[in-house]
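Enquirer: Going by my numbering, the sequence shown opens with residue 10, and the numbers climb by one from there. Note that CB positions come from ideal geometry on N, CA and C, so glycine has one too. Below are the structure tokens for one structure; questions will follow.
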Amino acid sequence: MRVLLTAGPTYEPLDPVRFIGNHSTGKMGYALAETFAAEGAEVVLISGPTSLPDPAHPRIRTQRVQTADEMYAAAAAVAPTAAIWVFAAAVADYKPAHIAENKIKKAGATLTLELVKNVDIAATLGQTKRPGQFSVGFALETENEQAHALDKLRRKHFDLVVLNSLRDAGAGFRHDTNKVTLLAADGQVTTFPVKPKSEVARDIVHTVLARLPHHA
Ligand code: CTP
């Protein structure tokens, strides 16, 4: 069984020395890769820039990318042959409209950047999902959490969405712990307590495996 996993942030270059990025560490995605591999799956981990070493597990192949466009190209190449897709990456929603060839020099008191929308990797691949393929997405919400997460599930053709609420202490970015609620396409909702990310990964992987058609 093959698993496609995106993880970490993307870096969108502005010029040869600068980029737009975010604080995602990749820890949740890497923990999921380890857990799927431990369960016997072949994992293709498509990772944005992180300070984590490539997982050592022989069933995990790590492919490093920088930008959302690179992450999309790598994921699209793997998606058709993967039974499970997990979109754990914190993809930059926008990228600079132009990449300066040379370092941008400081000039005026203000600088305006033009940004354009990045490809939505999960939503675009979601349109190609075949029966039997299972797609998992993440949602980080601050209000009306479950409604927003379910809306994301439908828009991106997820079978399961992992909701992190920013209201919960110990959840999300820059923490070694996470508190998640899993929402399934059939309406089932499961809330877990705050746990280390490795244990959260186990909860997610076991939920996914239990929901695969041939697993029942
Ligand atoms: N995602 C993706 N490609 C993008 C943006 C998001 O694959 N360009 C995936 C993420 O990996 C995550 C899910 O989509 O699994 C949710 O991302 P999020 O950015 O919260 O979704 P948006 O619809 O952009 O949310 P919002 O409308 O709140 O900005």
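Can you check which of these residues, 43, 160, 27 and 14, is closest to residue 53 by C-alpha distance?
Expert: Among 43, 160, 27 and 14, the Cα nearest to that of residue 53 belongs to 14.
Enquirer: Enumerate in chain order the residues of its own chain whose CB-to-CB distance from residue 66 is below 7 Å, with the five nearest sequence positions on each side excluded.
Expert: 43 and 46
Enquirer: Look at the Cβ atom of residue 21, then the Cβ atom of residue 97, and state whether they are nearer than 8 Å.
Expert: no
Enquirer: Counting pairs of beta carbons, one from the region 111–130 and one from the region 79–88, are three or more of them closer than 8 Å?
Expert: yes
Enquirer: Determine the extent of the alpha helix (DSSP H) in which residue 213 is found, giving its start and end residues.
Expert: 206–220
Enquirer: For the ligand CTP, list every residue whose C-beta falls under 5 Å from any of its heavy atoms, going in chain order.
Expert: 96, 98, 100, 127, 129, 130, 131, 146 and 147
Enquirer: Between which residues of its own chain and residue 7 is the CB-CB distance below 8 Å, once the five residues before and five after are set aside?
Expert: The structure shown does not extend to residue 7, since the chain spans only 10 to 225, so no value can be given for it.
Enquirer: With DSSP as the reference, label residue 43 as helix, strand or coil.
Expert: helix
Enquirer: Between the beta-carbon of residue 179 and the beta-carbon of residue 188, is there less than 8 Å?
Expert: yes
Enquirer: Work out the CA separation of residue 10 and residue 225 for me, nearest whole Å.
Expert: For residue 225, the pLDDT reaches just 45, beneath the cut-off of 50, and the residue's location in the model is therefore unreliable, although a value from the coordinates is still provided. Approximately 15 Å, taken between the alpha carbons.
Enquirer: Apply the 10 Å Cβ neighbour rule to residue 116 and answer buried if 16 or more other Cβ atoms are within range, or exposed otherwise.
Expert: exposed
Enquirer: Around the C-beta of residue 196, are 16 or more other C-beta atoms found within 10 angstroms, so that it is buried, or is it exposed?
Expert: exposed
Enquirer: Using the Cβ count rule (16 or more neighbours within 10 Å means buried), how would you classify residue 56?
Expert: buried
Enquirer: Under a three-way DSSP split, which group does residue 68 fall into?
Expert: coil
Enquirer: Taking residue 171 as the reference, which of 190, 161 and 177 has the closest Cα?
Expert: 190
Enquirer: I need the straight-line Cα distance from residue 204 to residue 184, nearest angstrom please.
Expert: C-alpha separation (whole angstroms): 10 Å.
Enquirer: Taking only runs of the alpha helix (DSSP H) that begin and end inside the region 157–184, which ones reach a length of at least 4 residues, in chain order?
Expert: none
Enquirer: Using only alpha-carbon positions, find the residue among 18, 105, 61 and 41 that is nearest to residue 25.
Expert: Put simply, of 18, 105, 61 and 41 the residue whose alpha carbon is nearest the alpha carbon of residue 25 is 105.
Enquirer: What do you get for residue 145, buried or exposed, if any count of 16 or more other CB atoms within 10 angstroms of its CB means buried?
Expert: buried
Enquirer: Indicate the three-state DSSP secondary structure (helix, strand or coil) for residue 225 in the structure shown.
Expert: Unreliable positioning characterises residue 225 in this predicted model, as indicated by a pLDDT of 45, which lies under 50. The coordinate reading is nonetheless provided below. Coil at residue 225, not helix or strand.
Enquirer: Would you identify the three-state DSSP class for residue 24, choosing helix, strand or coil?
Expert: strand
Enquirer: Compare the Cα-Cα distances from residue 33 to each of 208, 123 and 60 and report the closest residue.
Expert: Nearest to residue 33 by alpha-carbon distance, out of 208, 123 and 60, is 60.
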